[in-house]
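Notes follow the structure.
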Amino acid sequence: MIKKILVTGAAGLCGSVVSHGLTKLKYKVFSCDIKSSPSPAAKALGIPLSKKIKKIDLRKINKVLKITKGMDAVVHFGGIPRHKPHEDVFKNIIDHNIVGTYNVFEACRINKVKRIIFASSAHIMGYHDRRKKLDDRSSFRPDSHYAVSKCFGESLSKLYSDKYNIKILSIRIGSALPKPTDMRFLSTWISFRDLIHLVNVGLKSKKLYCSSVYGISKNKRAWWNNREAYRLGYKPKDNAEKYAKDKLTKNEFKDKIALRLHGGVFTTDGLKGKLSNILKNN
Ligand SMILES: NC(=O)c1ccc[n+]([C@@H]2O[C@H](COP(=O)([O-])OP(=O)(O)OC[C@H]3O[C@@H](n4cnc5c(N)ncnc54)[C@H](O)[C@@H]3O)[C@@H](O)[C@H]2O)c1
Numbered sequence: 009m010i011k012k013i014l015v016t017g018a019a020g021l022c023g024s025v026v027s028h029g030l031t032k033l034k035y036k037v038f039s040c041d042i043k044s045s046p047s048p049a050a051k052a053l054g055i056p057l058s059k060k061i062k063k064i065d066l067r068k069i070n071k072v073l074k075i076t077k078g079m080d081a082v083v084h085f086g087g088i089p090r091h092k093p094h095e096d097v098f099k100n101i102i103d104h105n106i107v108g109t110y111n112v113f114e115a116c117r118i119n120k121v122k123r124i125i126f127a128s129s130a131h132i133m134g135y136h137d138r139r140k141k142l143d144d145r146s147s148f149r150p151d152s153h154y155a156v157s158k159c160f161g162e163s164l165s166k167l168y169s170d171k172y173n174i175k176i177l178s179i180r181i182g183s184a185l186p187k188p189t190d191m192r193f194l195s196t197w198i199s200f201r202d203l204i205h206l207v208n209v210g211l212k213s214k215k216l217y218c219s220s221v222y223g224i225s226k227n228k229r230a231w232w233n234n235r236e237a238y239r240l241g242y243k244p245k246d247n248a249e250k251y252a253k254d255k256l257t258k259n260e261f262k263d264k265i266a267l268r269l270h271g272g273v274f275t276t277d278g279l280k281g282k283l284s285n286i287l288k289n290n
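Take the sequence shown: its letter number 272 is residue 280 in this note's numbering, and every next letter is one higher.
Below, the structure written as structure tokens:
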């Protein structure tokens, strides 16, 4: 039975929300982060910090080995999350997202941790045509170096499930926010309660081997078929459509290419390719 859980990135937006949620579900939750103050995203939304966050840098394998000892599962949310407004330099993405994720998986293998929930991103599908509905079997078309780091994490998941028998759920998070604030989020939003529930599905589902699912609520305008999440037992309660009549920003609307591709403005940041070629090869 899964009881003791380590949440990485617990001072961040998703990490704090999920740490609180899993504690309420009676798991014994241990939290760690490179910092003990809330991340800018968590701070901006006033998300309360989880209690007793252990300061651990995921780039240091020895520290990760110590903190994962005795855990039944690790919920891995620590890393560099997004463009602000452009993505971080590749050196930082390699260190925090690629080396950091490798260290978490490797420590789980050595310490015989049974399950890993990995925070992937819908941006691994960024250059797909938005008119095409995607599912868990669609191929990767990452729209940034950040997204490539998530492809690495999902490949690592395949290796560690087949070779080392760890059950792994990769959640391709769309937009985790209290509520949708932009038109895009009517398709990509996941409510906090649905995110907590989806992580809990990953911790509990007897059907889990190694799956990739989309981290979205039951949105009427979803671009992704989430059948694999439903197969595992995901029953989202929220639907972004409830907010469709709110005053929402239209951040992508000036950018025709962003509007046509799953990754939105991540795809046009530094773009030198042609939309026609991208679509032809879709
Ligand atoms: N929030 C979303 O909508 C969203 C969408 C897609 C994917 N994700 C993924 O979910 C995860 C959490 O995102 P978030 O929005 O909560 O971001 P966030 O920035 O609020 O949280 C990330 C946390 O990771 C910590 N961290 C970074 N490098 C670390 C290291 N080397 N060691 C330990 N901790 C480290 C940061 O200090 C931060 O507190 C990320 O992996 C992100 O890529 C989030």
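Glycine included, every Cβ here is placed at the ideal spot set by N, Cα and C.
Item                                                                                                                                                               : Value
Following the continuous alpha helix (DSSP H) through H84, name the residue where it begins and the one where it ends.                                             : Not the alpha helix (DSSP H): H84 falls in the beta strand (DSSP E), residues A81 to H84.
Among D151, S220 and S163, which residue has its Cα nearest to the Cα of L177?                                                                                     : S220
Quick one, which of V121, S47 and S157 has its alpha-carbon nearest V97's?                                                                                         : S157
Whole alpha helix (DSSP H) runs in the stretch 162-204 with 4 or more residues, listed along the chain?                                                            : 193-196
Using the C-alpha atoms, what's the distance from T31 back to W231?                                                                                                : 32 Å
From the DSSP output, which residues share a beta bridge with C40?                                                                                                 : T16 and K62
Please classify S199 as buried or exposed, where buried requires at least 16 other C-beta atoms within 10 Å of its C-beta.                                         : buried
To the nearest angstrom, report how far apart A237 and L206 are at their CA atoms.                                                                                 : 8 Å
With DSSP as the reference, please indicate the residues paired to C218 in a beta bridge.                                                                          : I176
Go ahead and label D254 buried or exposed: buried means 16 or more other beta carbons lie within 10 angstroms of its beta carbon, across all protein chains shown. : exposed
One question on the structure: do S44 and K63 come within less than 8 Å of each other, judged by their Cβ atoms?                                                   : yes
Straight-line CA distance for R145 to M133?                                                                                                                        : 11 Å
Nearest to I118 by alpha carbon, out of A81, H131, N105 and D103?                                                                                                  : A81
Sorted by chain position, which residues of the same chain lie with C-beta nearer than 7 Å to C40's C-beta, five sequence neighbours on each side aside?           : L14, T16, A18, I61, K62, I64 and I75
Using CA coordinates, which residue listed in M79, H84, G78 and I88 is at the minimum distance from P48?                                                           : I88
With H, G and I counted as helix, E and B as strand and the rest as coil, what does DSSP make of D137?                                                             : strand
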